[in-house]
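Numbering follows the UniProt record's numbering, with no gaps: position 86 of the sequence shown is 86. Below is one structure, written out as structure tokens, with a few remarks after it.
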Amino acid sequence: MDNGKHALSVRSVKQRPRLGENGRSFETLKQKQDSQAPSRMVARKSNRPVMILPRLAMDELVAPRLTEQALSRQTTESFHGWLMYYFPRSYSSFSHRVDTNWMDFLRGLQPSIRSQALMWAVRALVTFQMGTLQGNANAVSCARSMYGRGVSCLRSLLRTPFALAEESLAASVLLGGYEILDGSSEHTWISHTRGIRQIMCARGAAAHKTGISRTVMLSFRPFLVAESFVLGEPCFLGEPDWISITNDNYQEEQNREMSLGQVMDYAFNEITKCPGYYAATQTILASTVEADPFFLDSLLSGISDSKECLNNLKAKLLTISENEKPASTSASTQSIPPSYTRSLAQLTCGGIESSLAMLDQLTNVLESDRHRRGRATTVSSAITYGQNPWQVPSTQRVDMGGDGSWNQARSDSAKSRKLSSNMQSIGDRLDKFSLNMGVASMSGSSPIQAAESGRFMQPPLSR
1 MDNGKHALSV RSVKQRPRLG ENGRSFETLK QKQDSQAPSR MVARKSNRPV
51 MILPRLAMDE LVAPRLTEQA LSRQTTESFH GWLMYYFPRS YSSFSHRVDT
101 NWMDFLRGLQ PSIRSQALMW AVRALVTFQM GTLQGNANAV SCARSMYGRG
151 VSCLRSLLRT PFALAEESLA ASVLLGGYEI LDGSSEHTWI SHTRGIRQIM
201 CARGAAAHKT GISRTVMLSF RPFLVAESFV LGEPCFLGEP DWISITNDNY
251 QEEQNREMSL GQVMDYAFNE ITKCPGYYAA TQTILASTVE ADPFFLDSLL
301 SGISDSKECL NNLKAKLLTI SENEKPASTS ASTQSIPPSY TRSLAQLTCG
351 GIESSLAMLD QLTNVLESDR HRRGRATTVS SAITYGQNPW QVPSTQRVDM
401 GGDGSWNQAR SDSAKSRKLS SNMQSIGDRL DKFSLNMGVA SMSGSSPIQA
451 AESGRFMQPP LSR
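Listed below in structure tokens is the structure:
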């Protein structure tokens, strides 16, 4: 038995080629195999035409997610600079009073199909700021290209089940903000704002009580009010479901003294009702028949209640001094930065005074119309007031930017977009427009036109 195993082992050893004894060593066999490889490759060569692929950037070709990662890490911090350049007071007024502010949201955003539109929007805004500050037309052109890609991504996103996701809402707001800054015409911001309004209404008021959704609502609500004034329609933010958001957030602090942020939120809730009062007044004055007495009395009663509430809030704002440190809200232990306290109170108070002036006019016009109809005059109110039954008088239009430069801005905005001195001189004027709560658009001007005029009421405050 052992002899058989020994013989098998000897045969296996003899079959192995030895280096030096036989020319066909392992190296020789390997070279022979390698020499045959090209012939096999030639035989398998495809006759199909060569496909020319588009030239890709290195990051898209080697690491497809590198673009999103770089954007998240680099552009996010630049976006904070954009916020503090265009909206320093507005952002500071609520960034510490919400669960998630813009920077927290963007820093925690993960690259995905839902974030592409948002990332392109951020990149477009940051690039536009850089281009306008430096007077670089090429940078502004790149920003517009980025904006176009962001809009394309948003359109695709709205066709998916994520149409009502937080990323969709945030992207639509930032793209709408870009359109306000660099719109192709005076009406394009209206189209974007209408789309944002539809998304918010589809999500419902309850979806905007916490998280980034509430931050988005606080950021864009002045422009929603401005849209309602320009279109002459009620603002959905003035409906009870949306107003209750603020009441629910401050329900635990009913027995405490109101903070500056709380006063600002309550004032805004009343101002969101003003476009509805304005639209109802237009309807009554344009009608050839007498208004329903119950409807008219309800309208006048609502206007009176809003005036009383705004006057009370105005009194609270007038007592705020520079050195006052308002009590923080339940959303955060941090308060509004003291350096912004006085200007926030002044600008909010200016918005309240503009709203009160408008409500006084509405009351006078409605009472006058009722008395005139009561005397059975044959003159139609629609003829008396012209095509637009109620307009802000020209004396008030001057305060809101209604002089010759305003008309020139309207004609220039209809032309193709170009780099102008207005783009470079806006600065924080949109911030002031926001803190005036959009009432500067009651004269029909767009936010950018009101910002370019730079006229916002800032009443003196007592110390």
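Note that beta-carbon positions come from the ideal geometry of N, C-alpha and C, so glycine has one too.
Environment of residue i [buried if 16+ CB atoms lie within 10 Å]
| i | result |
| --- | --- |
| residue 389 | For residue 389, the predicted structure reports a pLDDT of 40, less than 50, and the residue's modelled location is therefore unreliable. A value from the coordinates is still provided. By the 10 Å Cβ count, residue 389 comes out buried. |
| residue 143 | buried |
| residue 295 | exposed |
| residue 450 | buried |
| residue 126 | buried |
| residue 137 | exposed |
| residue 241 | exposed |
| residue 274 | buried |
| residue 439 | buried |
| residue 113 | exposed |
| residue 218 | buried |
| residue 226 | buried |
| residue 308 | exposed |
| residue 201 | exposed |
| residue 372 | exposed |
| residue 367 | exposed |
| residue 479 | Outside the modelled stretch of the chain, which goes from 1 to 463, sits residue 479, for which no answer is possible. |
| residue 297 | exposed |
| residue 453 | buried |
Limits of the unbroken alpha helix (DSSP H) element including residue i
| i | result |
| --- | --- |
| residue 439 | Counting along the chain, residue 439 falls outside any alpha helix (DSSP H), and DSSP gives it neither H nor E. |
| residue 312 | 293-318 |
| residue 269 | 260-271 |
| residue 122 | 116-134 |
| residue 290 | Residue 290 -> no alpha helix (DSSP H), and no H or E assigned at all. |
| residue 371 | 338-374 |
| residue 206 | Careful: residue 206 lies outside any alpha helix (DSSP H) and carries neither H nor E. |
| residue 91 | 88-94 |
| residue 216 | 211-231 |
| residue 155 | 137-157 |
| residue 178 | 166-181 |
| residue 104 | 102-107 |
Proximity of residue i and residue j at Cβ, strictly below 8 Å
| i | j | result |
| --- | --- | --- |
| residue 448 | residue 180 | yes |
| residue 442 | residue 271 | no |
| residue 102 | residue 188 | no |
| residue 140 | residue 79 | no |
| residue 105 | residue 261 | no |
| residue 431 | residue 87 | yes |
| residue 170 | residue 150 | no |
| residue 175 | residue 168 | no |
| residue 303 | residue 231 | no |
| residue 166 | residue 135 | no |
| residue 228 | residue 234 | yes |
| residue 306 | residue 347 | no |
| residue 203 | residue 237 | no |
| residue 162 | residue 196 | no |
| residue 310 | residue 244 | no |
| residue 186 | residue 446 | yes |
| residue 209 | residue 248 | yes |
Close Cβ partners of residue i (< 8 Å) along its chain, the five nearest in sequence each way excluded
| i | result |
| --- | --- |
| residue 313 | 263, 266, 267, 270 and 352 |
Spatial neighbours of residue i in its chain, beta-carbon cut-off 7 Å, leaving aside the 5 residues before and after
| i | result |
| --- | --- |
| residue 280 | 299 |
| residue 120 | 146, 149, 150 and 153 |
| residue 75 | 122, 123 and 126 |
| residue 345 | 260, 317, 320 and 461 |
| residue 246 | 265, 266 and 269 |
| residue 343 | 89 |
| residue 100 | 211, 212 and 215 |
Own chain residues within Cβ distance below 6 Å of residue i, not counting five before or after
| i | result |
| --- | --- |
| residue 284 | 291 |
| residue 340 | 89 and 92 |
| residue 117 | 150, 153, 154, 157 and 171 |
| residue 191 | none |
| residue 82 | 125, 126 and 129 |
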